[in-house]
Amino acid sequence: MALKQTPSQTVGPYFAYGLTPTQYGYDLPSIAGPELATEETDGQPIRIVGQVFDGQGQPIGDAMIEIWQADAQGRYAHPADSRNPNATFRGFGRCGTGTDPRNRFVFETVKPGPTGDGSAPHTTVIVFMRGMLTHAYTRLYFSDEAEANAADPVLASVPEDRRDTLIAKREDTAAGVVYRFDIHMQGDRETVFFEV
Amino acid sequence: MSTAPRDWTAHPPYLYAGYKSTTLRGPTKPLIPLKQSLSEMTGPVFGQDCLGPLDHDLTRNGRKNGEPLGERIVVTGRVLDEAGRPVRNTLVEVWQANAAGRYVHKVDQHDAPLDPNFFGGGRCVTDEEGNYRFHSIKPGAYPWGNHHNAWRPNHIHFSLFGPTIATRLVTQMYFPGDPLLPLDPIFLGTPEGARERLISNFAIDVTEPGFALGYVFDIVLRGPAATPMEA
Ligand SMILES: [Fe+2]
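Protein chains in written order, with the working numbering: chain X, 11 to 206; chain L, 927 to 1157.
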């Protein structure tokens, strides 16, 4: 390679007015927020909820979570995916953990479809925070896709006793379908992070 | 097309004792290799349509009743991949402290004045050659709680996407000759030989006569993988 990568640096504690301004009440429209889907979006509406825990089990209030997913038919809104995705669904969300009283991130989206390459339905999750000099990638799978999950090559590459950290648990609530996905930065239940 | 791996001789490790918050927040287990699939060969596309008319001009986008205080600067550069190709039409987001070293962020309690005419956040999209350009105010240094008498060097936070989620980068740009750099654990947590890439260059030819000092900061994102994906 001709050039060397620019090093990553931490997002720091003060990203909110630059990266998630609408969510935090600053006077700048966000380029992306926690709501990926509207009532018109094709697919099953779901909510993804979770907390980010530090090595002492404390919820982290200054993390930023980004998600990237296919639409309900498994198509990505990107030129590398030629399958004409749902034009109104970008598939990208961003949520800081500082506006919820329990420091949760909450995404309103639709359940992604299988992308057709043998992988189970999943969402890419990127974790940023003060105290991380470089971001971390993980994947969210769905607990009600047991059969597809069992055949997923990425899950299969993860030690069996850690796979559970990647499975969001479905809860059927009065408000709709919720998938719970907690992220543990350290400890016995440390979330699996990937070298993407 | 798959993306070259993260170069860990460039990026800081997750755990770096000098930067104390990493101790309880950085993952401790090795990353698990993931063969890139369509999920990693795609990413969100943001174009000009997501920009407001003053998003690229931090000297104007926060004005309430006058001009912001401080030294006006132009920050410009190219976004390239490792192969030296321009990264076109990609979103660049920035945020920074004001000239006094104070952030607009509600959590920032540093005893330095807010500037009613400075917001500190902005963004732009690179052009066909990968160029970006912002006008701003030189950010001040600010103290932080990492250790006794800890001060962050002057810096501007940057966030970039590049073509896929694999090329995502959040970084900070520093200024040449800053005496705080050799004392800053965030800068020092970056591998030696790579951290210098985070320091912008002063450029008289970018400096706008009678108006603003020019700094150049080129950014290199992960490039194409050396070997093509198997079919
Ligand atoms: Fe900062």
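Cβ coordinates follow ideal geometry from the N, Cα and C atoms, glycine included.
- At a cut-off of 9 Å, the C-beta of L:D1007 has a neighbouring C-beta in chain X.
- Of all alpha-carbon atoms in X:D171, X:S153, X:G103, X:L176, the one lying nearest the alpha-carbon of X:I75 is that of X:G103.
- Annotation: Cβ neighbours of L:C976 in chain X (cutoff 9 Å, chain order): P39, I41, A42.
- The beta-carbon of L:L1139 is placed no less than 9 Å from the nearest beta-carbon of chain X.
- For X:K121, not one C-beta of chain L is nearer than 9 Å to its own C-beta.
- Taking one beta carbon from each stretch, the stretch 12 to 26 of chain X and the stretch 132 to 144 of chain X have 3 or more pairs nearer than 8 Å; the two touch.
- Proximity of X:T16 to chain L, defined by a Cβ-Cβ separation below 9 Å, is satisfied.
- Remark: C-beta atoms of L:P1111 and L:Y945 approach each other more closely than 9 Å.
- Not one heavy atom of ligand 1 sits closer than 8 Å to the Cβ of X:Q15.
- A direct Cα-to-Cα measurement between X:Q61 and L:L1114 gives close to 30 Å.
- Identification of chain L residues near X:L13 by a Cβ-Cβ cut-off of 9 Å yields L1006, D1007, E1008, A1009, G1010, D1144, V1146, G1149, ordered along the chain.
- Under the three-state reduction of DSSP output, L:A930 falls in the coil class, being neither helix nor strand.
- Note that the C-beta distance between X:Q68 and L:T954 is not below 9 Å.
- Of the candidates L:P931, L:C976, L:V1001, L:F972, the residue whose Cα lies closest to the Cα of L:N1127 is L:V1001.
- For X:P89, the nearest beta carbon of chain L is closer than 9 Å to its own beta carbon.
- In this structure, L:R1094 sits near L:G969, with a CB-CB distance shorter than 9 Å.
- By the CB criterion at 9 Å, X:V120 and X:A82 fall inside the cutoff.
- Taken atom to atom, the span from the alpha-carbon of L:T1097 to that of L:I1125 is near 11 Å.
- A Cβ of chain X is located within less than 9 Å of the beta carbon of L:F972.
- A distance below 9 Å separates the beta carbons of X:L46 and X:R100.
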